[in-house]
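Residue numbers (full-length UniProt numbering), protein chains in the order written: chain A, 1 to 517; chain B, 1 to 145.
Cβ atoms here follow ideal geometry from the backbone N, Cα and C, with glycine treated the same way.
For reference, the structure is listed below as structure tokens.
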Amino acid sequence: MKRFTQAAASAALLAVTAGPALAQEAASLDARVNAAFAAATGPFVNFIFAPLPGTAFPWIVLWLVVAASIFTIYFGFVQFRFFSHAISLVKGDYSDPNDAGEVSHFQALATALSGTVGLGNIAGVAVAVGIGGPGATFWMILAGLLGMASKFTECTLGVKYRNEYPDGTVSGGPMYYISKGFTELGLPGGKILAVLFSVFCILGALGGGNMFQANQAHAQISGIVGDYPGWITGVIFAAVVFVVIVGGVKSIAAVTEKVVPFMGILYVGAALVILIVNYDKIGWAFGQIFAGAFTGLGVAGGFVGALIQGFKRAAFSNEAGVGSAAIAHSAVKTKEPITEGFVSLLEPLIDTVVICTMTALVIVISQQLIVDPATGNYMLNEAGSAIATVDGNSGVALTSAAFGSAISWFPYVLAIAVVLFAFSTMISWSYYGLKAWTYLFGEGKTSELVFKLIFCVFIVIGAAASLGPVIDFSDAAIFAMAVVNIFCLYFLMKLVRKELASYSARLKSGEIKKFVH
Amino acid sequence: MSTKLVIGLDGHSSGERALEFAKTLAGQIDACELLVVYVIEWSPYSFQTAEENAQRHKRREEEISTAQDRVVTPAVKSLTDSGLTATGRVRHGNVADTLNDIAKEAGATQIIVGRSTESGLSKRIFGSSTANLVMEASVPVTVVN
Numbered sequence: 001m002k003r004f005t006q007a008a009a010s011a012a013l014l015a016v017t018a019g020p021a022l023a024q025e026a027a028s029l030d031a032r033v034n035a036a037f038a039a040a041t042g043p044f045v046n047f048i049f050a051p052l053p054g055t056a057f058p059w060i061v062l063w064l065v066v067a068a069s070i071f072t073i074y075f076g077f078v079q080f081r082f083f084s085h086a087i088s089l090v091k092g093d094y095s096d097p098n099d100a101g102e103v104s105h106f107q108a109l110a111t112a113l114s115g116t117v118g119l120g121n122i123a124g125v126a127v128a129v130g131i132g133g134p135g136a137t138f139w140m141i142l143a144g145l146l147g148m149a150s151k152f153t154e155c156t157l158g159v160k161y162r163n164e165y166p167d168g169t170v171s172g173g174p175m176y177y178i179s180k181g182f183t184e185l186g187l188p189g190g191k192i193l194a195v196l197f198s199v200f201c202i203l204g205a206l207g208g209g210n211m212f213q214a215n216q217a218h219a220q221i222s223g224i225v226g227d228y229p230g231w232i233t234g235v236i237f238a239a240v241v242f243v244v245i246v247g248g249v250k251s252i253a254a255v256t257e258k259v260v261p262f263m264g265i266l267y268v269g270a271a272l273v274i275l276i277v278n279y280d281k282i283g284w285a286f287g288q289i290f291a292g293a294f295t296g297l298g299v300a301g302g303f304v305g306a307l308i309q310g311f312k313r314a315a316f317s318n319e320a321g322v323g324s325a326a327i328a329h330s331a332v333k334t335k336e337p338i339t340e341g342f343v344s345l346l347e348p349l350i351d352t353v354v355i356c357t358m359t360a361l362v363i364v365i366s367q368q369l370i371v372d373p374a375t376g377n378y379m380l381n382e383a384g385s386a387i388a389t390v391d392g393n394s395g396v397a398l399t400s401a402a403f404g405s406a407i408s409w410f411p412y413v414l415a416i417a418v419v420l421f422a423f424s425t426m427i428s429w430s431y432y433g434l435k436a437w438t439y440l441f442g443e444g445k446t447s448e449l450v451f452k453l454i455f456c457v458f459i460v461i462g463a464a465a466s467l468g469p470v471i472d473f474s475d476a477a478i479f480a481m482a483v484v485n486i487f488c489l490y491f492l493m494k495l496v497r498k499e500l501a502s503y504s505a506r507l508k509s510g511e512i513k514k515f516v517h
Numbered sequence: 001m002s003t004k005l006v007i008g009l010d011g012h013s014s015g016e017r018a019l020e021f022a023k024t025l026a027g028q029i030d031a032c033e034l035l036v037v038y039v040i041e042w043s044p045y046s047f048q049t050a051e052e053n054a055q056r057h058k059r060r061e062e063e064i065s066t067a068q069d070r071v072v073t074p075a076v077k078s079l080t081d082s083g084l085t086a087t088g089r090v091r092h093g094n095v096a097d098t099l100n101d102i103a104k105e106a107g108a109t110q111i112i113v114g115r116s117t118e119s120g121l122s123k124r125i126f127g128s129s130t131a132n133l134v135m136e137a138s139v140p141v142t143v144v145n
């Protein structure tokens, strides 16, 4: 399974091989745990990532892309028609000044983005371009543009069917819109599907939203300061996450939430600087991207290989259709749920079309991928599984090398960024998992504390071991969320269309007005 | 038509002096309405965690009722006790912008504030809210020291 966990696996492998006998002992224990876990979860993982018969194309990727295309057509290209309206909403042009102090559209968007922008944009893109060639970027952008419609659909429903409690707090997300929406439409099975979604959401939160992040953060830190046991990173991370989510130490979260966007801007800024310095190569890079998209330029699997990689990474990065964003967006203050849908469609655009493309361009322009001078095609590595790179790098190391070739000190900044992104993704997913948990087991201090403690324990496990099968499983769980969520969205999308028709009519008639600031 | 005055309070002692000044001033005007405003500093562009977002509505209500109970209601009472007409309001936002917006909306002829109590780095970078108000307000501003 060539997925973004590859980077984790290879980094962890490096850590193990570099370590002394102690590591070997630990490795044998790990190996036994891994084997047992893999045997137990293998069928589920294999089912989720199974390729379509006769191809290497995982059906789950097609599931996400087909859904995004259907939503795009069903809502009449809402991501383009309402794009400028979405920008106005984020700027607060339509916000009532008397609602000042409530969660703004901007804040809901920023919170949701801090959950998705992260390793997918840095490591995932490098894997995509490393295996699928520059052409993967083209398909990634296409998938990002289509994914905007999926986000629009799920986030509109997230706000529309959220629970508002008497004490003023809110809870929302797919589990709420599935059960309430199905009831409204008179369809059976809503409750069961909502429970199923919640189960997958908890597993996804503990895995992809936690263990994978801890594991990659440790790989980055040990890559800079030298190898040391992963549980140390795990305990430190768990302690910090613990004081934030259990102790309610707002200041740490507040600092992260301020530093993460800054890191995001710094990352895009550095990419821009590299692109500006190499402005004469940008045309060539886009040429490679377009040529690669349709011919593959010699990559394994030809243009289909490029397409699979592009689609996969986009889906893994922006989580459109997974349902996680619907949980994050549901806290916004608005009388019109659909406005949050418009705002959320900016998310795949920023995450995938802008940030992922920047990463891809830097990797292509820095010429980390080796070209055969005779044919102009990319050369494959010895295993024939990916494009040969200058130093044999892949995953986050490839991105790091690409940035480092232009700005020598940038890999250090990147390491800090990866650690912070990992931390903020964990905080976000701890909340998504918690909402699914309380949906199943009820809201209450004890129930919440139990989940939060479990979450912290999994951070230590994730950082300490190279749990390939566990991470495979948790990624599978995140995409299992998408199976349930998208299945339900097909039934619920007519509710969104009704909202869209009503809202655009009122926007046109001038009933919905801008507030003068 | 009565004259409207906006009094901006921040819960500190300078606000008390602003209130006393407004009382004296209003006493000299025949028909005068006083609007006591407390602005809770808040930006729609700050970054928050998902959990903070979920609790935001609750927190906002709490912030408003605290400001109302501790600052606005006592101030309004003290003004009405002196025989003046006064109402109170609490709003979130940028202090200078919000005071000015409220003054404009209400058709006030003057804004009275105490000198702001901010200090340190943020004052050096962003300036004090009083200074910003003085520079940006569309009606005369009286700063009481």
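Just to confirm, are residue 313 of chain A and residue 36 of chain A a CB contact at a threshold of 9 Å? By 1-based counting over the first sequence, the position of residue 313 of chain A is 313. By 1-based counting over the first sequence, the position of residue 36 of chain A is 36. Not a contact, by the Cβ cut-off of 9 Å.
Contacts of residue 167 of chain A in chain B (Cβ-Cβ under 8 Å): Position 167 of the first sequence holds residue 167 of chain A. Result: 58.
Does the distance from the C-beta atom of residue 514 of chain A to that of residue 93 of chain A stay below 9 Å? As a working mapping, residue 514 of chain A is identified with position 514 in the first sequence. As a working mapping, residue 93 of chain A is identified with position 93 in the first sequence. Yes, Cβ-Cβ distance for residue 514 of chain A and residue 93 of chain A is below 9 Å.
Taking the continuous alpha helix (DSSP H) assigned at residue 282 of chain A, which residues delimit it? For this step, residue 282 of chain A is matched to residue 282 along the first sequence. For residue 282 of chain A, the enclosing alpha helix (DSSP H) begins and ends at 279–295.
Compare the Cα-Cα distances from residue 437 of chain A to each of A/172, A/114 and A/86 and report the closest residue. In the first sequence, counting from the first residue as 1, residue 437 of chain A sits at position 437. It is A/172 whose Cα lies nearest to the Cα of residue 437 of chain A.
Helix, strand or coil for residue 29 of chain B? Go by DSSP, reduced to three states. Reading the second sequence from its first residue, position 29 is the one you call residue 29 of chain B. Reduced to three states, the DSSP call for residue 29 of chain B is coil.
Of the residues that make up the segment 31–63 of chain A, which ones have a beta carbon closer than 7 Å to any beta carbon in chain E? The structure shown has no chain E; the protein chains it does contain are A and B.
Buried or exposed: which applies to residue 135 of chain B, given that a residue is buried once 16 or more other Cβ atoms fall within 10 Å of its Cβ? Walking along the second sequence from the start, residue 135 of chain B turns up at place 135. Residue 135 of chain B comes out exposed.
Taking DSSP's pairing of strands, which residues face residue 163 of chain A in a bridge? The count along the first sequence starts at 1 and reaches residue 163 of chain A at position 163. Answer is A/171.
For residue 340 of chain A, go through chain B and note every residue whose CB falls closer than 7 Å to its CB, in chain order. For this step, residue 340 of chain A is matched to residue 340 along the first sequence. Going along chain B, no residue has its Cβ under 7 Å from residue 340 of chain A, so there is no contact; the nearest lies around 12 Å.
Neighbour list for residue 91 of chain B in chain A, Cβ cutoff strictly below 9 Å: Residue 91 of chain B sits at position 91 when you count from the first residue of the second sequence. Result: 97, 98, 100 and 101.
Within a Cβ cutoff of 7 Å, which residues of the same chain sit near residue 231 of chain A, ignoring the five residues on either side of it in sequence? As a first step, residue 231 of chain A is located in the first sequence; it is residue number 231 there, counting from the start. Only 460, 463 and 464 meet the Cβ criterion.
Nearest residue (CA-CA) to residue 392 of chain A, options A/294, A/79 and A/126: In the first sequence, residue 392 of chain A corresponds to position 392, counting from 1. The option with the nearest alpha carbon to residue 392 of chain A is A/126.
Spatial neighbours of residue 18 of chain A within its chain, please: C-beta separation below 8 Å, excluding the five flanking residues on both sides. Along the first sequence, one-based indexing puts residue 18 of chain A at 18. Because the pLDDT at residue 18 of chain A is just 46, under 50, the model does not fix this residue reliably, and the value given afterwards should be weighed accordingly. Hits under 8 Å: 227.
Using the beta-carbon of each residue, which ones in chain B are nearer than 7 Å to residue 334 of chain A? Translated into the one-based positions of the first sequence, residue 334 of chain A becomes position 334. Result: empty, since nearest Cβ-Cβ is about 12 Å, beyond 7 Å.
Report the residues of the segment 406–436 of chain A with a CB closer than 7 Å to any CB of chain B, ordered along the chain. 427, 428 and 431
Output needed for residue 137 of chain A: all residues of its chain with C-beta closer than 7 Å, excluding positions within five of it in sequence on either side, in chain order. Within the first sequence, the letter at position 137 stands for residue 137 of chain A. Correct list, in chain order: 129, 289, 310, 357 and 360.
Beta-carbon separation of residue 122 of chain A and residue 421 of chain A under 9 Å? Looking up residue 122 of chain A in the first sequence gives position 122. Looking up residue 421 of chain A in the first sequence gives position 421. Yes, the Cβ-Cβ distance between residue 122 of chain A and residue 421 of chain A is below 9 Å.
Residue-level contact to chain B via CB, residue 261 of chain A, 9 Å cutoff: Stepping through the first sequence from its first residue, residue 261 of chain A is reached at position 261. Cβ-Cβ to chain B under 9 Å: yes for residue 261 of chain A.
Could you run through the segment 43–54 of chain B and flag, in chain order, every residue whose CB is less than 8 Å away from some CB of chain A? 44, 45, 46, 47, 48, 49, 50, 51, 52, 53 and 54
Same chain, Cβ closer than 7 Å to residue 65 of chain A, five either side skipped, listed in chain order: Within the first sequence, residue 65 of chain A is the residue found at index 65, counting from 1. Answer for residue 65 of chain A: 143, 146 and 311, listed in chain order.
To the nearest angstrom, how far is the alpha carbon of residue 371 of chain A from that of residue 378 of chain A? Translated into the one-based positions of the first sequence, residue 371 of chain A becomes position 371. Translated into the one-based positions of the first sequence, residue 378 of chain A becomes position 378. Going by the C-alpha atoms only, they are around 4 Å apart.
Which value, in whole angstroms, describes the spacing of the CA atoms of residue 318 of chain A and residue 325 of chain A? On the first sequence, position 318 is the one that residue 318 of chain A refers to. On the first sequence, position 325 is the one that residue 325 of chain A refers to. Spanning the two alpha carbons is a distance of roughly 9 Å.
Heavy atom of the ligand FAD less than 8 Å from the Cβ of residue 55 of chain B, yes or no? Annotation note on the ligand FAD: not contained in the displayed structure, which lists no ligands.
Under the three-state reduction of DSSP, which class applies to residue 335 of chain A: helix, strand or coil? Taking the first sequence and counting its residues from 1, one reaches residue 335 of chain A at position 335. Coil at residue 335 of chain A, not helix or strand.
Residue 210 of chain A and residue 441 of chain A closer than 9 Å at C-beta: Numbered from its first residue, the first sequence carries residue 210 of chain A at position 210. Numbered from its first residue, the first sequence carries residue 441 of chain A at position 441. Residue 441 of chain A sits away from residue 210 of chain A, with the two beta carbons spaced by 9 Å or more.
Go ahead and pull the three-state DSSP assignment for residue 11 of chain B. Stepping through the second sequence from its first residue, residue 11 of chain B is reached at position 11. Note: residue 11 of chain B maps to coil in three-state DSSP.
Would you kindly work out how many angstroms separate the C-alpha atoms of residue 15 of chain B and residue 43 of chain B, rounded to a whole number? The residue you call residue 15 of chain B lines up with position 15 of the second sequence. The residue you call residue 43 of chain B lines up with position 43 of the second sequence. In a straight line, the C-alpha of residue 15 of chain B is about 23 Å away from that of residue 43 of chain B.
Would you report the Cα separation of residue 501 of chain A and residue 111 of chain A, rounded to the nearest angstrom? Reading the first sequence from its first residue, position 501 is the one you call residue 501 of chain A. Reading the first sequence from its first residue, position 111 is the one you call residue 111 of chain A. When rounded, the distance between both Cα atoms is 28 Å.
List, in chain order, every chain A residue whose beta-carbon is nearer than 8 Å to that of residue 16 of chain B. If you number the second sequence from 1, residue 16 of chain B lands on position 16. Simply none; closest approach about 25 Å.
Three-state secondary structure assigned by DSSP to residue 100 of chain A: The residue labelled residue 100 of chain A in the question sits at position 100 within the first sequence. If DSSP states are grouped into helix, strand and coil, residue 100 of chain A belongs with the strands.
Does residue 47 of chain A pass the burial test, meaning 16 or more other C-beta atoms within 10 Å, or should it be called exposed? The residue given as residue 47 of chain A occupies position 47 in the first sequence. Exposed: under 16 other Cβ atoms inside 10 Å.
Write down the C-beta distance between residue 6 of chain B and residue 88 of chain B rounded to the nearest angstrom, noting that I regard them as a contact closer than 8 Å. Residue 6 of chain B sits at position 6 when you count from the first residue of the second sequence. Residue 88 of chain B sits at position 88 when you count from the first residue of the second sequence. Not confirmed; about 11 Å, so no contact.
Neighbour list for residue 106 of chain A in chain B, Cβ cutoff strictly below 7 Å: In the first sequence, the residue the question calls residue 106 of chain A occupies position 106. Ordered by position in chain B, the residues that pass the 7 Å Cβ test against residue 106 of chain A are 44 and 45.
Closest by CA to residue 145 of chain B, which one among B/133, B/113 and B/128? Sequence index remark: in the second sequence, residue 145 of chain B carries index 145 (1-based). Among B/133, B/113 and B/128, the Cα nearest to that of residue 145 of chain B is on B/113.
Cutoff 9 Å: residue 258 of chain A Cβ touching any chain B Cβ: If you number the first sequence from 1, residue 258 of chain A lands on position 258. Chain B, which has a Cβ nearer than 9 Å to the Cβ of residue 258 of chain A, makes this yes.
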